[in-house]
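Residue numbers (the working numbering): 1 to 268.
Just so it is clear, CB atoms sit at the ideal spot from N, CA and C, and this is done for glycine as well.
If you're wondering where the values come from, they're calculated on a predicted model, not measured in any experiment.
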DNA sequence: AACGGCACCTGGTCGC
DNA sequence: TGCGACCAGGTGCCGT
C-alpha cells in the first residue's frame with residue numbers, strides 16, 4: 001500500500017498526536033506478520049522514551065533511549081491512534097504501543113505483509129541497511145541515476161522501484177513519474193540519456209512532494225491516524241486511468257508482475 | 001552478478 | 001446466492 005508520501009503522512013501525524021513520549025508497554029496481539037514479532041520487543045521497549053520519529057524509505061523509525069523500533073506498513077498496514085484503553089480489538093490488529101498517559105498506537109494489517117523490528121543499532125539493521133538513497137535528498141540527482149542505469153538491462157520502472165537504489169517509490173509513483181517525464185516504463189535502463197535521467201529525477205521529486213502536500217494517495221486502505229484519507233488520488237495522471245490527457249487510451253502492461261499504466265503516445 | 005518469478009496473506013469485485 | 005478466478009499500493013528469497 002503505502003509509498004513514501006503515505007508513510008511521511010503517517011509519521012507527521014504520529015509526531016503531532018503523541019503527547020507523552022514514554023512507552024508504558026508494547027503489547028503483542030497477533031505476532032504473525034511478514035516476520036513474526038519478536039517476543040523480546042516488550043521488555044526491550046518498556047519505559048523507554050521516544051526521542052524522535054522519522055521516516056527512512058517506507059519505514060517508520062522510532063528512536064528510543066536505547067535502540068530503535070522499525071515499522072513497515074507492507075500493503076495494508078494501518079496505525080490507529082486510540083485514547084480509549086478498553087476499545088475492543090478488531091480483526092487483524094497485531095500490536096499496541098501503549099504510552100504512559102494511556103494513549104495507544106495500534107497496528108492493524110489485513111494482509112500481514114508489514115513488520116515491526118527492534119534493533120540496538122540502526123546501521124546494522126538488516127532491512128534498513130540495504131536501502132538506497134532518499135529520492136528527496138540532493139544526492140539523488142541525474143548523475144546518480146545515470147550511473148546506476150549504466151549497463152542495466154532491466155526496465156527503468158523496475159529500477160526506480162528497487163529500494164536498494166532509491167527508496168520509497170512504489171508502483172503508483174513510478175507510473176506517475178514516468179508519465180510526467182515522458183518515458184515508457186519498459187524502456188531499458190541503460191538506454192536512458194542524461195536528459196532522460198534529469199527529467200525523471202525531477203518528476204519523481206515533483207510527484208512525491210506534491211502528494212505529501214495532499215496527505216498521500218488513498219486507493220483503498222490507506223488512512224492517516226485520524227482516519228482521513230489522502231487526497232492525491234484525484235490528481236493521479238495515469239495510474240488507474242483509462243484515458244490520457246492527450247485523448248489517447250492508457251495502456252496497461254505487466255512489468256515485474258505489477259500493472260504499469262502508460263500512454264503510448266506521450267511516453268517515448 | 002543479475003534478473004525473473006514466486007511466495008507470503010486477505011478481501012473485494014467480476015463473470016458465470 | 002454461490003463459487004472460482006483475478007486483482008490489489010511490497011519485497012525477500014529462490015532458481016536460472
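Identify every run of the beta strand (DSSP E) within the segment 82 to 112, keeping only runs that are complete inside it and at least 3 residues long; order them along the chain. 93 to 99 and 104 to 109
Between the beta-carbon of residue 30 and the beta-carbon of residue 93, is there less than 8 Å? In the first chain, residue 30 corresponds to position 30, counting from 1. In the first chain, residue 93 corresponds to position 93, counting from 1. Yes; because the gap between Cβ atoms is below 8 Å, this pair is in contact.
DSSP on residue 20, reduced to helix/strand/coil? Here residue 20 corresponds to residue number 20 of the first chain, with the count starting at 1. Reduced to three states, the DSSP call for residue 20 is coil.
With 16 other CB atoms within 10 Å as the buried threshold, where does residue 290 fall? Limits of the chain in this structure are 1 at one end and 268 at the other, which puts residue 290 out of reach.
Proximity winner among 83, 123, 78 and 101, relative to residue 95 (alpha-carbon distances): Counting from one through the first chain, the residue named residue 95 turns up at place 95. Out of 83, 123, 78 and 101, 78 has the C-alpha closest to the C-alpha of residue 95.
What residues are listed by DSSP as bridge partners for residue 133? Taking the first residue of the first chain as position 1, residue 133 is located at position 133. DSSP output for residue 133 lists 166 as bridge partner(s).
Where does residue 232 fall in DSSP's three states? As a working mapping, residue 232 is identified with position 232 in the first chain. DSSP places residue 232 in helix when its eight states are reduced to three.
Residue 45 - containing alpha helix (DSSP H), residue span: As a position in the first chain, residue 45 is number 45, starting the count at 1. Where residue 45 is concerned, the enclosing alpha helix (DSSP H) starts and stops at 41 to 45.
Could you tell me the alpha carbon to alpha carbon distance between residue 85 and residue 166, rounded to whole angstroms? Here residue 85 is taken as the residue at index 85 of the first chain, counted from 1. Here residue 166 is taken as the residue at index 166 of the first chain, counted from 1. Near 40 Å, if we compare the C-alpha coordinates of residue 166 and residue 85.
Decide if residue 109 is buried, meaning its Cβ has at least 16 other Cβ atoms within 10 Å, or exposed. On the first chain, position 109 is the one that residue 109 refers to. So residue 109 counts as buried.
Simplified DSSP assignment, three categories, for residue 181: Here residue 181 refers to the residue found at position 181 of the first chain. Three-state DSSP puts residue 181 in coil, outside helix and strand.
Beta-carbon proximity check, residue 119 vs residue 68, cutoff 8 Å: As a first step, residue 119 must be located in the first chain, where it is residue number 119. As a first step, residue 68 must be located in the first chain, where it is residue number 68. Contact flag set, yes.
C-alpha distance - residue 42 paired with residue 6, whole-angstrom precision: In the first chain, residue 42 corresponds to position 42, counting from 1. In the first chain, residue 6 corresponds to position 6, counting from 1. Between residue 42 and residue 6, the C-alpha separation is close to 27 Å.
Residue 254, DSSP secondary structure in three states: As a first step, residue 254 is located in the first chain; it is residue number 254 there, counting from the start. Three-state result, residue 254: strand.
Inter-residue Cα distance where the pair is residue 264 and residue 124: Indexing the first chain from 1 puts residue 264 at position 264. Indexing the first chain from 1 puts residue 124 at position 124. Going by the C-alpha atoms only, they are around 43 Å apart.
Delimiting residues of the beta strand (DSSP E) encompassing residue 244: Working through the first chain from its first residue, we reach residue 244 at position 244. That residue, residue 244, is in no beta strand (DSSP E); it is neither H nor E in DSSP.
Three-state secondary structure (DSSP) at residue 60? Position 60 of the first chain, counting from 1, holds the residue named residue 60. Looking at residue 60 - three-state DSSP - the assignment turns out to be strand.
On the DSSP bridge assignment, give the partners of residue 52 in chain order. Along the first chain, one-based indexing puts residue 52 at 52. DSSP output for residue 52 lists 63 as bridge partner(s).
Rounded to the nearest angstrom, what separates residue 63 and residue 52 at their Cα positions? Working through the first chain from its first residue, we reach residue 63 at position 63. Working through the first chain from its first residue, we reach residue 52 at position 52. The alpha-carbon atoms of residue 63 and residue 52 are separated by roughly 5 Å.
Backbone secondary structure at residue 3 - three-state DSSP: Translated into the one-based positions of the first chain, residue 3 becomes position 3. Looking at residue 3 - three-state DSSP - the assignment turns out to be coil, as it is neither helix nor strand.
Label residue 199 either buried or exposed according to how many other C-beta atoms from any shown protein chain fall within 10 Å of its C-beta, with 16 as the threshold for buried. Taking the first chain and counting its residues from 1, the one referred to as residue 199 is at position 199. Answer is buried; the Cβ neighbour count reaches 16.
Going by CA-CA distance only, name the one from 208, 131 and 82 that's closest to residue 236. Numbered from 1 along the first chain, position 236 holds the residue referred to as residue 236. Taking only the C-alpha atoms, the option nearest residue 236 is 208.
Euclidean distance between Cα positions of residue 81 and residue 135: Your numbering for residue 81 matches position 81 in the first chain. Your numbering for residue 135 matches position 135 in the first chain. If you take the alpha carbons of residue 81 and residue 135, they lie about 29 Å apart.
Going by beta carbon distance, what residues of the same chain come within less than 8 Å of residue 65, once the five residues before and after it are set aside? On the first chain, residue 65 is found 65 positions in, with the first residue counted as 1. Within the same chain, residue 65 has close Cβ partners 48, 49 and 51.
Among 149, 88, 102 and 242, the one whose alpha carbon lies nearest that of residue 201: Position 201 of the first chain, counted from the first residue, corresponds to residue 201. That would be 149, whose Cα lies nearest to the Cα of residue 201.
Can you grab the Cα-Cα spacing for the pair residue 88 / residue 106, in whole Å? Counted from its first residue, the first chain places residue 88 at position 88. Counted from its first residue, the first chain places residue 106 at position 106. If I take the Cα positions, the gap works out to 11 Å.
Closest to residue 33 by CA distance: which of 260, 112 and 127 is it? One-based indexing of the first chain puts residue 33 at position 33. Looking at the Cα atoms, 112 is the closest of the given residues.
Own chain partners of residue 58 with C-beta closer than 8 Å, once the 5 adjacent residues on each side are dropped: Reading the first chain from its first residue, position 58 is the one you call residue 58. These residues qualify, in order along the chain: 2, 3, 4, 7, 72, 73, 163, 167, 168 and 170.
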